[in-house]
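*Asks:* Residue numbers (this note's numbering), protein chains in the order written: chain A, 1 to 301; chain B, 302 to 602; chain C, 603 to 903.
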Amino acid sequence: MALRAALRSRSGLTGLLSQRSSCSSDIRMSPLLVPQQRNYSTPPKIRVEFDQSTGVAVMHMQSPPVNSLSLDFLTELCISVEKLEMDKSCRGLIITSAQPKVFSAGLDITEMYGKSPEHCGAFWRSVQEMWLKLYGSNMVTIAAINGSSPAGGCLMAMTCDYRIMADNPRYNIGLNETQLGIVAPFWFMDTMKNTVGQRTTEMALQLGLLYKPADALKIGLVDQLEPEDQVIAAATQTISRWLAIPDHARQITKSMMRKKTIDKLTSNRESDIKYFVNFITKDSIQKSLGGYMEMLKKRRA
Amino acid sequence: MALRAALRSRSGLTGLLSQRSSCSSDIRMSPLLVPQQRNYSTPPKIRVEFDQSTGVAVMHMQSPPVNSLSLDFLTELCISVEKLEMDKSCRGLIITSAQPKVFSAGLDITEMYGKSPEHCGAFWRSVQEMWLKLYGSNMVTIAAINGSSPAGGCLMAMTCDYRIMADNPRYNIGLNETQLGIVAPFWFMDTMKNTVGQRTTEMALQLGLLYKPADALKIGLVDQLEPEDQVIAAATQTISRWLAIPDHARQITKSMMRKKTIDKLTSNRESDIKYFVNFITKDSIQKSLGGYMEMLKKRRA
Amino acid sequence: MALRAALRSRSGLTGLLSQRSSCSSDIRMSPLLVPQQRNYSTPPKIRVEFDQSTGVAVMHMQSPPVNSLSLDFLTELCISVEKLEMDKSCRGLIITSAQPKVFSAGLDITEMYGKSPEHCGAFWRSVQEMWLKLYGSNMVTIAAINGSSPAGGCLMAMTCDYRIMADNPRYNIGLNETQLGIVAPFWFMDTMKNTVGQRTTEMALQLGLLYKPADALKIGLVDQLEPEDQVIAAATQTISRWLAIPDHARQITKSMMRKKTIDKLTSNRESDIKYFVNFITKDSIQKSLGGYMEMLKKRRA
């Protein structure tokens with residue numbers, strides 16, 4: 001099978017689908033880091049710092065090892081975003097990673113492997129929900145991309161109003177789905193078209209290209225590069241410029257620019273879930289996912 | 302109120318909304334400048350020079366101090382364009398400013414402040430009419446942007462087939478509506494998207510960005526920079542290249558490229574007027590406009 | 603008539619419409635070049651080399667002097683593409699020219715001059731068919747543009763997934779229809795918009811611009827320049843990178859990106875033919891075509 005061969009030949013490939021590590025002992029929790037809004041039995045995957053004086057929240061993704069977008073992670077993220085959205089004093093959101101070397105490695109493969117159609121459907125709905133919440137946010141949103149950001153990680157970054165990436169050539173960003181034999185759904189495509197245009201998207205998606213920061217800047221996939229330790233500072237500086245604009249006018253403008261793209265998913269949400277579930281539960285795809293997980297395990301060992 | 306705060310904090314802001322000066326004593330009228338087609342009691346705001354030998358008309362906007370787009374100004378402009386459009390010997394139109402330092406400062410604030418809904422509606426219809434006439438013109442249209450061109454001035458420039466701007470870093474161009482707490486309507490957005498693409502438009506409109514000539518060139522908002530005193534000469538040179546193309550083929554091509562965007566306003570014209578009137582006559586917006594006018598008066602004094 | 607004047611004034615113009623040379627004695631046929639799939643009485647206009655080991659076919663256009671897109675040529679090309687498309691072992695297609703200095707000079711004028719409406723209609727259907735087959739191909743398609751490529755030649759190149767052009771400033775590429783007083787149909791426009799964006803297309807089509815390779819690269823009309831004798835080698839190298847992607851995922855991605863544009867022609871095919879036939883059989887257009895053919899004859903003599 002083509003996918004399997006591709007996977008075998010790409011042992012160096014980061015991306016798209018990642019496995020949650022069952023080991024979470026290396027989460028360093030300090031009292032400062034405990035969000036006050038929630039109290040799960042597991043460590044929180046999202047840590048939000050909200051500065052009342054500036055109206056800016058910083059959302060740290062802290063799900064080791066690579067901020068995989070699992071159902072739990074996405075649920076927690078959506079709840080956090082929704083709370084901030086409803087808090088009128090919060091006007092801006094910076095999204096960044098607390099994990100080293102990675103912003104987010106994308107969708108969590110374990111949510112789609114050997115799972116029931118119901119589970120796969122619930123998972124996919126949470127991916128949609130994350131996109132709808134972030135792409136349609138009334139807040140100014142800035143991605144502080146302090147590590148690699150393939151597939152779902154890239155999608156999350158593209159939902160933001162502005163993207164600042166660490167200028168480290170070992171990091172990359174892109175929608176690399178085809179490299180694994182799967183296909184970015186239409187709303188991933190639309191988001192990328194809105195960011196870098198039709199032609200660049202056509203080539204990037206067909207080849208599943210992952211761009212180094214300098215190349216991502218060149219095609220407009222990110223807006224600014226900064227030294228790794230200054231990405232969040234730069235995001236903080238940039239967001240103050242965006243917040244100088246009257247909220248109401250900025251929000252209506254943003255909504256008018258993105259409405260058509262958002263409406264397309266909103267009105268096709270169920271069929272999109274059905275399509276995904278049907279695809280991902282196919283024997284051939286399940287086999288490929290299994291092979292990919294084996295490869296990841298061996299690489300780590 | 303956010304808009305007011307924004308206005309207070311931006312005393313240096315040019316743009317978007319401007320006030321007609323009640324003093325028009327500084328219009329220098331020479332017999333040569335009197336258009337032959339009309340004879341108003343007030344000095345003409347538009348002066349058209351038509352060269353039969355080349356088929357090119359040059360339209361000088363001469364409404365001091367800053368070519369504000371008032372109802373009278375727009376009406377006069379539309380009549381001039383329509384006359385040229387119907388004159389088969391006129392194949393090209395260069396639009397430029399007779400006022401120093403400014404191409405056009407955009408919509409005239411006095412047409413929307415303290416005016417009846419009927420007046421506001423008539424004013425907005427004239428803005429639409431200007432856009433429809435220029436964006437859909439059969440003539441080759443070139444903007445010779447010899448000064449700053451914010452908001453409505455930028456819109457007018459974007460309707461043209463080609464834009465040449467004075468290479469003076471004190472000038473700027475852009476749709477800066479959000480900076481004043483208002484929103485560029487969908488057809489302003491569409492025109493900008495057709496000019497610089499989705500992503501650049503999204504950021505430019507959300508931030509209400511005004512670009513210096515060099516930056517405007519970089520993003521494709523203008524096509525060419527020239528020394529200030531050579532902008533019209535360059536426009537004349539460029540238009541001859543466009544006129545070398547058979548009219549019929551060029552016109553059909555232009556119409557095919559712009560039809561969808563034009564149809565969208567044509568079929569939503571009344572609702573667009575209703576939306577504008579409803580918005581602009583709101584107490585909060587009227588208060589903001591009042592505050593803005595006060596600020597302009599003080600700055601001049 | 604404007605077109606005629608334009609034609610007279612542009613004696614140096616290559617392009618758009620070309621005449622088949624009735625002299626085909628300079629086709630050098632070696633046994634190696636004879637395609638095995640067919641056996642016409644006339645020399646084949648298309649020579650296909652298929653390498654089973656790589657899954658890549660190279661299609662050499664060899665219709666002297668300038669690979670004019672005649673009804674016969676297009677029919678032969680479509681049959682060749684269809685055969686390759688149905689051959690599961692063929693995954694990639696490189697299109698190039700066996701003629702010196704030209705990739706393809708575009709539509710064959712003799713198919714539209716003095717011909718019956720029925721003939722013109724059949725011809726236009728074959729142009730549509732070529733576009734539908736290539737733009738919608740499941741294979742990876744690369745244009746190895748080893749010569750000038752005006753009008754229909756440019757269209758053919760734009761249907762491909764990737765374009766490599768010979769870095770020779772004497773060559774050019776573009777949709778120059780308006781220069782001859784005719785208009786690129788909507789699907790030519792759409793293909794170009796998908797390649798270089800709305801604004802560049804608007805200007806390029808209105809002016810009928812032909813770009814030198816360096817300029818074509820700058821606007822994204824081609825993706826890569828290579829020394830003339832290395833164009834095919836570079837295409838071979840590039841296609842292997844595309845073939846590293848699992849076919850199924852790449853094909854679905856390509857189809858999703860192009861579907862809307864393809865559907866638009868598919869559902870307007872008959873009216874597009876009717877429009878073309880009605881236009882091209884007009885007396886004024888026929889006169890212009892006649893004048894153009896006369897000019898070509900004189901230039902050759």
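We put the CB at the ideal spot given by N, CA and C, even for glycine.
Buried or exposed: which applies to D409 of chain B, given that a residue is buried once 16 or more other Cβ atoms fall within 10 Å of its Cβ?
*Replies:* Classification for D409 of chain B: buried.
*Asks:* So which residues of chain B does L823 of chain C contact, with C-beta pairs closer than 8 Å?
*Replies:* Near L823 of chain C there are no residues of chain B at all, since even the closest Cβ is about 15 Å away, more than 8 Å.
*Asks:* Report the rounded CA-to-CA distance for G810 of chain C versus L590 of chain B, giving the unit in angstroms.
*Replies:* Spanning the two alpha carbons is a distance of roughly 46 Å.
*Asks:* Which residues, in order along the region 886-903 of chain C, keep a beta-carbon less than 9 Å from a beta-carbon of chain A?
*Replies:* So the list is empty, because no residue satisfies the distance condition.
*Asks:* How is the beta strand (DSSP E) around E49 of chain A delimited, first residue to last?
*Replies:* Taken as a continuous stretch (DSSP letters only), the beta strand (DSSP E) holding E49 of chain A covers 46-51.
*Asks:* Do you know how far the Cα of E503 of chain B is from the Cα of K583 of chain B?
*Replies:* About 26 Å.
*Asks:* Between the C-alpha atoms of S97 of chain A and G147 of chain A, what's the straight-line distance to the nearest angstrom?
*Replies:* Answer to the nearest angstrom: the Cα atoms are 8 Å apart.
*Asks:* In whole angstroms, give me the CA-to-CA distance for I744 of chain C and D548 of chain B.
*Replies:* Their Cα atoms are separated by approximately 35 Å.
*Asks:* Count the other C-beta atoms from every protein chain shown that fall within 10 angstroms of the C-beta of N473 of chain B, then say buried if there are 16 or more, exposed otherwise.
*Replies:* Flag for N473 of chain B reads buried.
*Asks:* With a Cβ-Cβ cutoff of 8 Å, do I245 of chain A and G92 of chain A count as a contact?
*Replies:* No, the pair does not count as a contact, with Cβ atoms beyond the cut-off.
*Asks:* Please name the residue in C:L812, C:R860, C:T780 whose C-alpha comes closest to that of M557 of chain B.
*Replies:* Comparing Cα-Cα distances from M557 of chain B to each of C:L812, C:R860, C:T780, the minimum goes to C:T780.
*Asks:* So, for I581 of chain B: in the same chain, excluding its five sequence neighbours on each side, which residues have a beta-carbon less than 6 Å away from its beta-carbon?
*Replies:* M413, C421, listed in sequence order.
*Asks:* Once you ignore the five residues that flank E896 of chain C on each side, which residues in its own chain have a CB closer than 6 Å to its CB?
*Replies:* Result list for E896 of chain C: empty, nothing under 6 Å.
*Asks:* Could you compute how far the alpha carbon of R559 of chain B sits from the alpha carbon of G437 of chain B?
*Replies:* Straight-line Cα distance between these residues: approximately 7 Å.
*Asks:* Enumerate in chain order the residues of its own chain whose CB-to-CB distance from Q853 of chain C is below 8 Å, with the five nearest sequence positions on each side excluded.
*Replies:* For Q853 of chain C, where only same-chain residues beyond five positions count, the Cβ hits under 8 Å are N740.
*Asks:* Can you find the residues in the same chain that come closer than 6 Å, C-beta to C-beta, to L676 of chain C, ignoring five residues on each side of it along the sequence?
*Replies:* Counting only Cβ-Cβ distances below 6 Å, and skipping sequence neighbours, we find S728, M732.
*Asks:* Evaluate contact between the region 644-652 of chain C and the region 660-676 of chain C, counting only Cβ atoms and requiring at least three cross-stretch pairs below 8 Å.
*Replies:* Segments in contact, yes.
*Asks:* Residues in the same chain with beta-carbon distance under 7 Å from I887 of chain C, minus the five sequence neighbours each way, listed in chain order, please.
*Replies:* For I887 of chain C, where only same-chain residues beyond five positions count, the Cβ hits under 7 Å are F881.
*Asks:* Which residues in the same chain have their Cβ closer than 6 Å to the Cβ of M165 of chain A, if we skip the five residues on either side of it in sequence?
*Replies:* Taken in chain order, the residues that qualify are I145, P213, V222, L225.
*Asks:* Going by other Cβ atoms of all chains shown within 10 Å of its Cβ, with 16 needed for buried, is M490 of chain B buried or exposed?
*Replies:* When all chains shown are included, M490 of chain B counts as buried.
*Asks:* Please list, in chain order, all residues of the same chain as W543 of chain B whose beta carbon is under 6 Å from its beta carbon, the five residues on each side excluded.
*Replies:* Correct list, in chain order: V441.
*Asks:* Closer than 8 Å by beta-carbon distance: list the chain A residues that pair up with R500 of chain B, in chain order.
*Replies:* What R500 of chain B touches in chain A: N194, T195, V196, G197, G220.
*Asks:* Going straight from the alpha carbon of A458 of chain B to that of V879 of chain C, what length do you get?
*Replies:* The alpha-carbon atoms of A458 of chain B and V879 of chain C are separated by roughly 38 Å.
*Asks:* With DSSP as the reference, label V66 of chain A as helix, strand or coil.
*Replies:* Three-state result, V66 of chain A: coil.
*Asks:* Do you know offhand how far E687 of chain C's Cα is from I273 of chain A's?
*Replies:* If I take the Cα positions, the gap works out to 31 Å.
*Asks:* Give the range of the alpha helix (DSSP H) segment to which E82 of chain A is assigned.
*Replies:* Residues 71-86.
*Asks:* With a 10 Å radius around its C-beta and 16 neighbouring C-beta atoms as the bar for buried, classify S53 of chain A as buried or exposed.
*Replies:* By the 10 Å Cβ count, S53 of chain A comes out exposed.
*Asks:* CB-CB under 7 Å to L679 of chain C, same chain, minus the five flanking residues each way: which ones, in chain order?
*Replies:* These residues qualify, in order along the chain: I648, M732.
*Asks:* Within its chain, find whatever has a CB closer than 8 Å to the CB of G657 of chain C; leave out the 5 residues flanking it on each side and keep chain order.
*Replies:* Excluding sequence neighbours, G657 of chain C sits near S691, C692, R693, G694, L845.
*Asks:* Restricting to Cα atoms, I'd like to know which of A:L155, A:I94, A:L180 is closest to T191 of chain A.
*Replies:* With distances taken between Cα atoms, T191 of chain A lies closest to A:L155.
*Asks:* What residue range does the alpha helix (DSSP H) around Y512 of chain B cover?
*Replies:* Unbroken run through Y512 of chain B: none, as it is neither H nor E.
*Asks:* So if DSSP puts I219 of chain A in a beta bridge, which residue, or which two residues, is it bridged to?
*Replies:* I219 of chain A is not bridged to any residue.
*Asks:* So, using beta-carbon positions, are L511 of chain B and N477 of chain B closer together than 8 Å?
*Replies:* In this structure, N477 of chain B lies closer than 8 Å to L511 of chain B by Cβ.
*Asks:* Measure the alpha-carbon distance for K588 of chain B versus D388 of chain B and round it to whole angstroms.
*Replies:* Spanning the two alpha carbons is a distance of roughly 45 Å.
*Asks:* Starting from the beta carbon of W543 of chain B, find every residue of chain C whose beta carbon is closer than 8 Å, and list them in chain order.
*Replies:* Near W543 of chain B (Cβ distances below 8 Å), the residues of chain C are Q808, L809.
*Asks:* Express the C-alpha separation of E872 of chain C and A724 of chain C in angstroms, rounding to a whole number.
*Replies:* Those two C-alpha atoms are separated by around 11 Å.
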